Structure formats: C-alpha cells, structure tokens
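Numbering (our numbering), first residue to last: 6 to 162. Please read the structure below before turning to the comments.
Here it is as structure tokens:
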C-alpha cells in the first residue's frame, strides 16, 4: 500500500512485500526471483535504490525461460491471473489518474502499444501489457501484464 512516493524506501518495500530480497550493490538493486518450472515463467520483483528519491523505483515483471528476448510472445496464461483490467481498476480505486497510452514512436500507426501510465501526485505507475497468447482470438484480445513499475517522483527525502 504505497501512500506516497516517500514510502518507496527499501525498509518500507521489504516490510510491505515480505519477500526475501537479495541486495545487488553494483546495480543499486534489491531483487527476488521465482521460477515456475511447470510453465517456464519467472516472477521478478526488484527495488532500485538511488540516493535521489525521485529515481527510486519498484518493478514487478514476468519472463519466460524459453523466450527471454520476448520475441515469441509465449502464452501468458500461467501468469495472467491478475490482468490489465484488474490492475487498472485497482489503481483507479486508489485515486490514480490514467494518462494516455504510450506507443512506440516509430510504430504508432501500426498500433504497437508500449504501455499505460497512471499517476497520483508525484507517484507514477507504468504498466506494459502483453496479449495472453497468439491464439485463439480470446487470448489475442486479452491483455495480461508483462511489467509494472512504480517511480516515486518525490525529491524530498
């Protein structure tokens, strides 16, 4: 429950998530990864620490061991329990305001959506969607979430 971006500190993030975060000092990162062997998918949670509070962020994402480059767009059904509709509704209920969708500057005419952004005060939430699968049509039109990131935007410590 992120009240403001000022709560985006490692102690608050660790207490809220209760995840065993591993510190990677060279990257200013704390992370937790979990592999789901039956599906090939990884959950990845990371907190990026920075002396400047505005540059601190949290990212929750999925990757598939068979498609690390995300080129194949493998079926996300195993990790799509909470989809874009769920996250959108939850953020709006918490008072976030949805901004316009972001498109690849070179591919906007083709409709290549990069993501959605939500803001509340200086806190920014970005969501990168991915269709659930390449077939049937119901999976093509169902938007799962590939990545969510939260940036505090606050300058004050």
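From the three backbone atoms N, C-alpha and C, an ideal C-beta is built for every residue, glycine too. Please read these numbers as outputs of a predicted model, since none were measured by experiment.
Under a three-way DSSP split, which group does residue i fall into?
i: residue 87; result: coil
i: residue 21; result: helix
i: residue 79; result: coil
i: residue 26; result: coil
i: residue 143; result: helix
i: residue 105; result: coil
i: residue 13; result: coil
On the premise that residue j lies in contact with residue i, defined as a C-beta separation below 8 Å, what is that separation, rounded to the nearest angstrom?
i: residue 15; j: residue 52; result: 6 Å
i: residue 47; j: residue 68; result: 5 Å
i: residue 125; j: residue 102; result: 7 Å
i: residue 123; j: residue 104; result: 7 Å
State the beta-bridge partners of residue i as determined by DSSP.
i: residue 155; result: 63, 130
i: residue 138; result: Paired residue(s): none; residue 138 is not in a bridge.
i: residue 122; result: 131
i: residue 99; result: DSSP lists no partner for residue 99.
i: residue 68; result: 47
State yes or no: is the C-beta of residue i within less than 8 Å of the C-beta of residue j?
i: residue 149; j: residue 89; result: yes
i: residue 62; j: residue 154; result: yes
i: residue 59; j: residue 158; result: yes
i: residue 35; j: residue 54; result: yes
i: residue 145; j: residue 136; result: yes
i: residue 130; j: residue 96; result: yes
i: residue 92; j: residue 106; result: no
* At 3 residues or longer, and completely inside the stretch 32 to 61: list those beta strand (DSSP E) runs for me, N to C. => Runs of the beta strand (DSSP E) lying entirely within the stretch 32 to 61 and spanning at least 3 residues, in chain order: 34 to 41, 46 to 53.
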